[in-house]
Amino acid sequence: MGVGEGGALADGLRVEGEFDAWVWPGSAMATTPCTVPGTLKDFTLVIDAKYPKDPEESERVLAELIQPYMQAAVARAPCEEHQEP
Numbered sequence: 135m136g137v138g139e140g141g142a143l144a145d146g147l148r149v150e151g152e153f154d155a156w157v158w159p160g161s162a163m164a165t166t167p168c169t170v171p172g173t174l175k176d177f178t179l180v181i182d183a184k185y186p187k188d189p190e191e192s193e194r195v196l197a198e199l200i201q202p203y204m205q206a207a208v209a210r211a212p213c214e215e216h217q218e219p
């Protein structure tokens with residue numbers, strides 16, 4: 135059961151990398167602190183995918199995608215923690 139289907143973090147497989155990330159069959163999620171004064175405190179990205187249908191293959195593919203997708207998303211976000219000096 136993926137995050138989009140009511141799954142809990144404890145049910146997901148942890149994905150090592152720069153960001154806190156987890157995968158489930160059909161879903162992946164990453165989160166990081168993101169301070170935008172007056173608005174955000176955290177930035178979370180969720181990927182929901184219908185394919186591949188095989189649960190193990192889905193987890194493998196999404197585990198390969200979540201960290202680079204999150205890195206690209208954070209690079210475009212106005213998070214104080216991720217601004218280049």
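Numbered as in our numbering, the sequence shown ends at 219 without a single skipped number. The C-beta atom is built at its ideal place from N, Cα and C for all residues, glycine as well. These numbers come from a predicted model, not from an experiment.
Quick check on this structure: which residue in 190, 212, 149, 186 has the alpha carbon closest to the alpha carbon of residue 163?
Counted from its first residue, the sequence shown places residue 163 at position 29. Of the candidates 190, 212, 149, 186, the one whose C-alpha sits nearest the C-alpha of residue 163 is 149.
Coil, strand or helix - residue 183 by DSSP:
Indexing the sequence shown from 1 puts residue 183 at position 49. Coil, per DSSP.
When we look at the beta-carbon of residue 189 and count the other beta-carbons within 10 Å, is it buried (16 or more) or exposed?
One-based indexing of the sequence shown puts residue 189 at position 55. Exposed, by the Cβ-count rule.
DSSP three-state call for residue 167: helix, strand or coil?
Counting from 1 along the sequence shown, the entry for residue 167 is found at position 33. Residue 167 falls in the strand class under three-state DSSP.
Please classify residue 157 as buried or exposed, where buried requires at least 16 other C-beta atoms within 10 Å of its C-beta.
As a first step, residue 157 must be located in the sequence shown, where it is residue number 23. With 16 or more Cβ atoms within 10 Å of its Cβ, residue 157 is classed as buried.
Residue 183 to residue 161 span [Cα, whole Å]:
Within the sequence shown, residue 183 is the residue found at index 49, counting from 1. Within the sequence shown, residue 161 is the residue found at index 27, counting from 1. Taking the straight line joining both Cα atoms gives about 6 Å.
Would a C-beta distance cut-off of 8 Å place residue 169 and residue 215 closer than the cut-off?
Here residue 169 corresponds to residue number 35 of the sequence shown, with the count starting at 1. Here residue 215 corresponds to residue number 81 of the sequence shown, with the count starting at 1. Pairing residue 169 with residue 215 gives a Cβ-Cβ distance under 8 Å.
With 16 as the cutoff for other CB atoms within 10 Å, does residue 206 come out buried or exposed?
Taking the first residue of the sequence shown as position 1, residue 206 is located at position 72. The residue in question, residue 206, is exposed, as its Cβ has fewer than 16 Cβ neighbours within 10 Å.
State buried or exposed for residue 212, treating a residue as buried only when at least 16 other CB atoms are found within 10 Å of its CB.
Along the sequence shown, read from residue 1 onward, the residue named residue 212 stands at position 78. Its Cβ having fewer than 16 others within 10 Å, residue 212 is exposed.
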